[in-house]
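Asker: Note that the protein sequences, when read in sequence, are chains A and B.
When the first sequence is numbered by the numbering used here, its final residue is 276 and no position is left out of the sequence of numbers.
When the second sequence is numbered by the numbering used here, its final residue is 261 and no position is left out of the sequence of numbers.
Here's a structure for you.
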Amino acid sequence: MIGLTTSDGPHLEVPHGRAPLILIMPALAALAFLVTPVAAVFLRAPWSSLVDQLSSPELLDALRLSLVTTTISTALCIVFGVPLAWVLARTEFRGRGLVRALVTLPLVLPPVVGGVALLLALGRNGLVGGPLNDLFGVTLPFTTAAVIFAQSFVALPFLVISVEGAFRASDVRYDDAAATLGASRWLTFRRVTLPIALPGIVSGAVLCWARALGEFGATITFAGSFPGVTRTMPAQVYFALQTSLDAAIALSLVMIVVSVAVLALLRERWMSGVSA
Amino acid sequence: MTCRHTQRSRRMRTALAVAAVFTSLAACSENNEGTDSGGEQKLTVFAASSLTSAFGVLEQAFEKERLNVDVVVSFDSSTTLAEQISQGAPVDVIATADQASMQVVADADQLAAEPVPFASNTLVVVTPPDNPADIQDLSDLDTADFVLCDPSAPCGAASAQVLEASSVTARAKSLEPNVTAVLSKVTLGEADAGLVYVTDAQAAGDEVATVNIPSGSNVVNPYYIAAVKNSPEPELAEKWLALVSSQAGQRVLQAAGFGRP
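So this is what it looks like as structure tokens:
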């Protein structure tokens, strides 16, 4: 993941000594633990029939749907999540601990339960969805919008928590200085707080996007699954698994490659721009 | 034991229980291992999910007659079970909801004998209890929001066949991974209708209303059962097969909504 870079100004090379084994060993174990399953997918991949496996139009539909929905979900999460993170990090109010706990709730809910909760809230007979249907004739389930809702529901906490961390880690005294110079709070946010926390926001957005891309349980429960409309890549992999392991692995491979490509691209574009 | 109860319960179809099914399934599969006490015989049966309630009853009957026998039935989709046995899972009996899954096991040379048809299932239209879209027959689906199983699941393949035979051209709102998902979309009122097996509709009780499909356009899905080749308990496996085909066994299956083989 992308970390905070603090490479402003000439960095003094101070010898820190050798990295201690007590840190290196568990670090290597953690790396191996994360990489081995992914490597296994590559090793088991049906390379000879890969082109056949990947030539289905349904795959392209699912891939396009996934990329479009996750992009919109991430944008929505940034627009609504960054302000929420700022409120949690920079304002004092009673029950802030409770609000933070509520924000993390979707992290601990099994996604399928999240999907049921979304149905009960936004479904055709739901708490909000019912009146929405009665008054405007709008129903969410089984639409691409529902996919975006499901993804945002599970991914937003990731963004809020990491961006709040970035706001907290940035020195509040810069905000103070701006305020003493007469800047309004909005101006301070735009010109001081936000730029300082930008690397943290980018890495939060990347986390959020990755979570949205892998989202399956809430999506299939709330939005359903229809090719081209609501069937995203993870659902496509799930259904492929019912008929052919090779097809499922081929699709997983596509997901891995696409996400690595997007992450690398983002890092290139954003992180270089940020630290420059 | 408690897990099986959870699966069998008719209240299972309520909203949050959808999730509970997932967790209880996981809990059950964990329990299946390690609880095998010494001296006891264990009969492992893999069965299609739709057999949950019927095989639950048969399991109790079987264990009551043989106090030292513990029957462990693992319910899942037929395709998943067939795949697991083909990979060499140590199982005594497999019962599938279609012929194709059984063929997968046969092709993997994992069957001890020819599979026997022992029951059949047909499809039925389920709607929310108040039938909001006023569905009287299959042609009414054309103007309703309905959901089906995905064609990769046996129930989906059968649904597609039924709709084609009845010239229903409307598109489903969603192709769900399994019957449970179809049922939950209907019981929650998100869909006006869905196609499920008669047995699933019956297990859902009054949470759904049903509309019959004329037998001319319906699909009869045969259920097959067979002893597995490398069965650890071949004699018990034979006895289980006998129980399922016996009059008592057939009565239990028919009470659950299954048709004759």
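Backbone N, C-alpha and C fix where the C-beta goes; we use that ideal spot for every residue, glycine too.
1) According to the neighbour-count rule (16 or more other Cβ atoms, all chains shown, within 10 Å of its Cβ), is D109(B) buried or exposed?
2) Buried or exposed: which applies to Q254(B), given that a residue is buried once 16 or more other Cβ atoms fall within 10 Å of its Cβ?
3) Going along the chain, which residues of its own chain have a beta-carbon closer than 8 Å to the beta-carbon of S252(A), five neighbours each way excluded?
4) Does the beta carbon of G249(B) come closer than 8 Å to any beta carbon on chain A?
5) Report the option in R267(A), L245(A), R231(A) whose CA atom is closest to the CA atom of I201(A).
6) Assuming T230(A) and F142(A) are in contact, meaning their beta carbons sit under 8 Å apart, how far apart are those beta carbons, in whole angstroms?
7) Alpha carbon to alpha carbon, what distance is there between V93(B) and L192(B)?
8) Say whether chain B places a C-beta atom closer than 8 Å to the C-beta of T69(A).
9) Look up K42(B) in the DSSP assignment and say whether it is helix, strand or coil.
10) In the DSSP assignment, what residue or residues form a beta bridge with G259(B)?
11) Please identify the residue among F118(B), E83(B), S152(B), S120(B) whose C-alpha is closest to the C-alpha of V105(B).
12) Pairing CB atoms from the stretch 161–172 of chain A with CB atoms from the stretch 62–71 of chain A, are three or more of them under 8 Å?
13) Alpha carbon to alpha carbon, how far is L51(B) from L50(A)?
14) Considering only the alpha carbon of each residue, which of V147(B), A153(B), L123(B) lies closest to V211(B)?
15) Quick one: which unbroken alpha helix (DSSP H) runs of 4-plus residues sit fully inside the stretch 83–108 of chain B? Chain order, please.
16) With DSSP as the reference, identify every bridge partner of D76(B), one or two as the case may be.
17) Does I135(B) come out as helix, strand or coil in the three-state DSSP assignment?
18) Could you have a look at T139(A) and say whether DSSP puts it in helix, strand or coil?
19) Using a cut-off of 9 Å between C-beta atoms, extract the partners of P177(B) located in chain A.
20) Taking V278(A) as the reference, give the member of S162(A), V87(A), P110(A) with the closest Cα.
21) Quick one: does A237(B) have its CB under 8 Å from some CB of chain A?
22) Since T230(A) meets chain B, which of its residues come closer than 8 Å, beta carbon to beta carbon?
23) Using 8 Å as the cut-off, can you tell me whether the stretch 181–196 of chain B makes contact with the stretch 141–157 of chain B, which would need three or more C-beta pairs spanning the two stretches below that distance?
24) By the DSSP assignment, the alpha helix (DSSP H) with I249(A) in it spans what residues?
25) In the DSSP assignment, find the unbroken alpha helix (DSSP H) run with E164(B) in it and report its ends.
26) Would the stretch 28–45 of chain A and the stretch 113–125 of chain A be scored as touching if the rule is three or more Cβ pairs under 8 Å?
27) Candidates V220(B), L236(B), S167(B), S217(B): which alpha carbon is nearest A226(B)'s?
28) Pull up the distance between the alpha-carbon of L187(A) and that of P195(A), whole angstroms please.
29) Does any C-beta atom of chain B lie closer than 8 Å to the C-beta of R44(A)?
30) Output, in sequence order along the chain, the residues in the stretch 66–89 of chain B whose CB is closer than 9 Å to any CB in chain A.
31) Do L141(B) and I213(B) have their beta-carbon atoms positioned less than 8 Å apart in this structure?
32) Distance, Cα to Cα, P46(A) vs G249(B)?
33) Under 8 Å between the Cβ atoms of P234(B) and A112(B)?
34) Would you report the Cα separation of R190(A) and L207(A), rounded to the nearest angstrom?
35) If I follow the unbroken beta strand (DSSP E) through F146(B), where does it start and stop?
36) Could you check which residue in V186(B), F55(B), V162(B) has the C-alpha nearest to that of V118(B)?
Answerer: Taking the definition as stated:
1) exposed
2) exposed
3) V41, V237
4) no
5) R267(A)
6) About 6 Å; that satisfies the 8 Å criterion.
7) In the sequence on display, residue 192(B) carries Asp and not Leu. Rounded to the nearest angstrom, the gap between the Cα atoms of D192(B) and V93(B) is 38 Å.
8) no
9) strand
10) S120(B)
11) E83(B)
12) no
13) 37 Å
14) L123(B)
15) Restricting attention to alpha helix (DSSP H) runs no shorter than 4 residues, the stretch 83–108 of chain B encloses them at 99–107, ordered along the chain.
16) Note: D76(B) sits in a beta bridge opposite A48(B).
17) coil
18) coil
19) I220, S225, A235, Y238, F239, Q242
20) An answer regarding residue 278(A) cannot be provided, because it is not within the stretch 1 to 276 covered by chain A.
21) no
22) What T230(A) touches in chain B, judged by beta-carbon distance under 8 Å, is S174, going in chain order.
23) yes
24) 245–266
25) 154–165
26) no
27) L236(B)
28) 12 Å
29) no
30) S77, T79, T80, E83
31) no
32) Rounded to the nearest angstrom, the two C-alpha atoms are 44 Å apart.
33) yes
34) 23 Å
35) 146–149
36) The question names Val, but residue 118(B) is Phe in the sequence shown. Checked all of V186(B), F55(B), V162(B); the closest Cα to F118(B) is F55(B).
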